[in-house]
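In UniProt numbering, the protein residues as written are 1 to 119.
In structure tokens form, the structure reads like this:
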């Protein structure tokens, strides 16, 4: 992909706090950022696609269509690539830039009961 992932922001499900998951993210120079409990507004991108897909995609398809998977992949491509996304500001860092500035020693493995400091 031409866009490099710098950080993953998730809910607080135990699957995200697994040691193996966090180690894999660290090996890819990706920061793990769990959101605060009861704070869905911090997970806006996920909340947005969970609203956009039912409004724009699912009403237009037949769930029994044998091509459903291909149609979903096509819609996801349009949503991710053709639709303007203001949050990116038209630019993205390269994978090399991100890897060069990443320090795995500054990214501790977080326990599930970790509470981020307020900013």
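Note that beta-carbon positions come from the ideal geometry of N, C-alpha and C, so glycine has one too.
What you are looking at is a predicted structure, and each value in this text was computed from that prediction instead of being measured.
Item: Same chain, Cβ closer than 6 Å to residue 32, neighbours up to 5 away in sequence not counted; Value: 8, 22, 25
Item: Delimiting residues of the beta strand (DSSP E) encompassing residue 9; Value: 7-10
Item: Three-state secondary structure assigned by DSSP to residue 31; Value: strand
Item: Proximity of residue 27 and residue 102 at Cβ, strictly below 8 Å; Value: no
Item: Test item: CB-CB of residue 140 and residue 11 under 8 Å; Value: This structure cannot settle anything about residue 140, because the visible part of the chain is limited to 1 through 119.
Item: Rounded distance between the beta-carbons of residue 110 and residue 42, thought under 8 Å; Value: No, residue 42 and residue 110 are not in contact; Cβ-Cβ is about 16 Å, not under 8 Å.
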